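For the sequence shown, the tail end lands on 361 under numbering that gives the first Met the number 0, and the numbers increase by one without skipping. Presented below is the structure to which this report refers.
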Amino acid sequence: MKANRIHNFNPGPAALPLSVLEEIQENFLDFKGSGMSITEISHRSKQFDAVINDAMARTKRLLNLDDRFQVLFIQGGASMQFCMIPMNFLADDKSADYVDTGTWSTKAVKEAQIQDKPIKVVASSADKNYAYIPRDIRFNEEAAFVHLTSNNTIKGTQWSNFPDTGAVPILCDMSSDIMSRPLDCNKFGLIYAGAQKNAGPAGVCLVIIRDDMLERVPENVPTMLKYSTYAAKNSMYNTPPCFAIYTVDLVLKWLEETIGGLDKMAALNRDKADLLYDLIDGSDFYRATAQNDSRSLMNVTFRLPDENLEQQFVQQALENGLGGLKGHRSVGGCRASIYNAASLESVKALTDFMMSFENKNG
Ligand SMILES: *Cc1c(COP(=O)(O)O)cnc(C)c1O
């Protein structure tokens, strides 16, 4: 039976590749001849071992990670990483530099402050409602790390290049743009991403950690909040979120085998974003909210002339099979989240709709 699927621009959980969903469906009742669903088999089985190891290996290949890095799967979402990072890396009251680019990075700062860690916010774009990525930041050489949010899901901004922090490792929240472009791992001590935007379903956070960061983890952190626990036990100290990890593995397989890697994915993502930004820039009706040099290729945020039109836009889009276009409740306006799994065809359907909506209402 053919399902009635919409063009899905949800910010997260978000669209997954149709072929991945079909593969899940096809294998759901009998996983690899086990006579059980992936949701029923033991995490200690050889079948699940193969799944988690494959997901780790694909992550390493796709992101071109060298041997210093380990891939971990942790529950609690990206939000739990906000508190784990200071717990694990700011023992003995070391300081760290944080850059505040809105909502999620603000929350990361807050979780360090709750723990009374003497962190410094070295740059912020709060002065312009987070519409840009700060440049020419002076980082502290003695900082334990620099914390950045690579893509600001709600504000619609993204680091197009990461800053030079010298010998200080960058710890980066890549929840909404991991696997959207190739990565130079050399700058990073740790990368984390809630899977539900660009890498899979909700329920698991992908964490990539460099071995020297693991050595910094103090003894007196609770077992489940220590990165070293996950590293020592192949992310299976306790029961991992098996189904979420399985789905992440299928998404990574799709990236490698169907898309053809992150260079290809990045080019496609660029094409999709260009379609939308070109339309917005060429119109007096739509207005982009992020500054030109800071725009996100993943979350395209824009306004219409007034809130009433914005409401009608979101409503009529949905009636035309285009979902998820309402901006985050904290900022209003509209947002098209065009993660890896949003197809060029979906973006074209959106630009067609936007043109016709402007013609009727502009
Ligand atoms: C969605 C999001 C989060 C929060 O993720 P959870 O997994 O829900 O905790 C954190 N950071 C960024 C950049 C996000 O987009």
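Ideal Cβ placement from N, Cα and C applies to all residues, glycine included. Since this is a predicted model, take the numbers as computed values, not measurements.
With a beta-carbon spacing of about 15 Å, residue 50 and residue 59 fall beyond the 8 Å limit used to define contacts. Counting every other CB atom within 10 Å of its CB across the protein chains shown gives residue 339 a total of 16 or more, marking it as buried. Using a Cβ-Cβ distance cut-off of 8 Å, the region 36 to 48 and the region 188 to 206 are not in contact, since fewer than three pairs of beta carbons, one from each stretch, lie closer than that value. Per DSSP, the unbroken alpha helix (DSSP H) holding residue 347 starts and ends at 343 to 360. Check the Cα spacing between residue 337 and each of 320, 309, 14 and 2: the tightest is with 14.
Contact between residue 102 and residue 124 is ruled out by a C-beta separation of about 12 Å, above the 8 Å threshold.
Non-local C-beta neighbours of residue 240 in its own chain, meaning closer than 6 Å and more than five positions away in sequence, comprise 74, 202 and 203, ordered along the chain. For residue 41, the three-state secondary structure derived from DSSP is coil. By the neighbour-count definition (other C-beta atoms within 10 Å, threshold 16), residue 344 is an exposed residue. Rounded to whole angstroms, the separation of the alpha carbons of residue 213 and residue 295 is 31 Å. Ligand 1 has no heavy atom closer than 7 Å to the beta-carbon of residue 156. Excluding its 5 nearest sequence neighbours in each direction, residue 210 has C-beta neighbours in its own chain below 6 Å: 67, listed in chain order. Take residue 228, set aside five residues on each side of it, and the residues of its chain with a beta-carbon closer than 7 Å to its own are 222 and 236, in chain order. For residue 78, the CB falls within less than 7 Å of some heavy atom of ligand 1. In summary, residue 122 is buried, with 16 or more beta-carbon neighbours lying within 10 Å of its beta-carbon over all protein chains present.
According to DSSP, residue 191 shares a beta bridge with 172 and 206. With 16 or more other Cβ atoms inside 10 Å of its own Cβ, residue 11 counts as buried. Unbroken beta strand (DSSP E) runs of no fewer than 3 residues, entirely contained in the region 71 to 143, are found at 96 to 99 and 119 to 123, following chain order.
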